[in-house]
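Residue numbers (the numbering used here): 797 to 1161. We put the CB at the ideal spot given by N, CA and C, even for glycine.
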DNA sequence: CAAACGTGGGC
DNA sequence: TGCCCAAGTTT
């Protein structure tokens, strides 16, 4: 038999819990962020813009996405237009945003929607989930935000808010199912998309990873982690280990005002992107071994080694590149699989940032 | 399921 | 400075 106080506490908690979704929506109506891809209050969201923004926002900050989103919708105003573009044009527009498989899948998804769905996005989680680049989070996000389906997408923000609100002790990613279940209790009966975006906005502006502004939070009196005074300790997760340094060489060959480049393999790191020829990137590789992988071009008497190195940090390893330059005569042929591009138009190439760094270092630009 | 997969910004 | 983080998906 529960004690009198236990009963009272339980009743009180239940009442509060039921009030959470509306408290969240009220907060959202006053404090929602105005973002380029977000429909104004009362307006109908455009599924194309919702989808495009959700793909771009995967593991990427709002600030970084802004200009890319504007460029994309200006050039490709709807999903059918994007489906008619070449993958290479899409990669060029995406260059610099990172995680390039997203760009390849974005294009594949646009083609699928245009050809298999008549240019209309599926309006169910299941239908969306079947499309390239759309995983469980994005399917739920589009279903809720664009189609008002009553489902709760769970991203990093929501994981943090929920793990604090309920003081989830289990570590990520094992706790994902539990967090998903708890997050779903925060869905209002209507306005599912706003419920989700309210939690995301709360996570990004109030319930931040460091020094959360709990005093401004609409759920503060209801937050288990805050009651414990350990907000920053949630979500629990194992510390991640950093990768081993890899080294390599990059070869910057110019022919007048042109530069020698090639395309990387379709899959894997920087898949399908443009690069200058280079060696493998290996842990413990010395400069001599790397230099031996220089492209074989007649007419190169010697390589000029640039002073210093180019460093770049990928998610899973840091990279150090030594850079060699060489100039060749006007009619020199590009080796098999390579091509010459004007240096003046490099901005339009599908060059990942690490390659922009290499070229800038080599050419002093 | 753990690892691969980019980049820039904050502290 | 080095580590963590950002509206995850794919294999």
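By Cβ distance below 6 Å, which residues in the same chain neighbour residue i in space, the five residues on each side in sequence not counted?
{"i": "residue 919", "result": "943"}
{"i": "residue 1086", "result": "1044, 1045, 1075"}
{"i": "residue 1030", "result": "959, 960, 1021"}
{"i": "residue 962", "result": "978, 1020"}
{"i": "residue 933", "result": "949, 951"}
{"i": "residue 1122", "result": "1049, 1096, 1099"}
Does residue i come out as helix, strand or coil in the three-state DSSP assignment?
{"i": "residue 1015", "result": "coil"}
{"i": "residue 1108", "result": "strand"}
{"i": "residue 1040", "result": "coil"}
{"i": "residue 865", "result": "helix"}
{"i": "residue 895", "result": "coil"}
{"i": "residue 1100", "result": "strand"}
{"i": "residue 1001", "result": "helix"}
{"i": "residue 1073", "result": "coil"}
{"i": "residue 1153", "result": "helix"}
{"i": "residue 1134", "result": "strand"}
{"i": "residue 1047", "result": "strand"}
Which whole-angstrom value describes the C-beta separation of residue i and residue j, a residue pair presumed to lie in contact below a C-beta threshold of 8 Å?
{"i": "residue 1046", "j": "residue 1117", "result": "5 Å"}
{"i": "residue 1071", "j": "residue 1048", "result": "Incorrect: roughly 11 Å between the Cβ atoms, too far for contact."}
{"i": "residue 1106", "j": "residue 1153", "result": "5 Å"}
{"i": "residue 928", "j": "residue 953", "result": "Rounded, the Cβ-Cβ distance is 24 Å, inconsistent with contact."}
{"i": "residue 1164", "j": "residue 1096", "result": "The chain is shown only over 797 to 1161; residue 1164 falls outside these bounds and no answer can be derived."}
{"i": "residue 1034", "j": "residue 992", "result": "About 27 Å separates the two Cβ atoms, so there is no contact after all."}
{"i": "residue 941", "j": "residue 846", "result": "5 Å"}
With a CB to CB cut of under 7 Å and the five nearest residues on each side skipped, what residues in its chain are close to residue i?
{"i": "residue 910", "result": "875, 876, 879"}
Quick check on the burial criterion: 16 or more other C-beta atoms within 10 angstroms. Buried or exposed for residue i?
{"i": "residue 947", "result": "buried"}
{"i": "residue 985", "result": "exposed"}
{"i": "residue 849", "result": "buried"}
{"i": "residue 903", "result": "buried"}
{"i": "residue 817", "result": "buried"}
{"i": "residue 1027", "result": "buried"}
{"i": "residue 871", "result": "exposed"}
{"i": "residue 1129", "result": "exposed"}
{"i": "residue 1011", "result": "exposed"}
Can you find the residues in the same chain that come closer than 8 Å, C-beta to C-beta, to residue i, ignoring five residues on each side of it along the sequence?
{"i": "residue 1157", "result": "1102, 1104, 1106, 1119"}
Is there contact between the stretch 827-846 and the stretch 881-899, where contact requires at least three CB pairs shorter than 8 Å? no
Contact the stretch 998-1010 vs the stretch 1070-1083: 3+ CB pairs below 8 Å: no
Could you tell me whether the stretch 886-897 touches the stretch 858-878, using the rule of 3 or more Cβ pairs below 8 Å? yes
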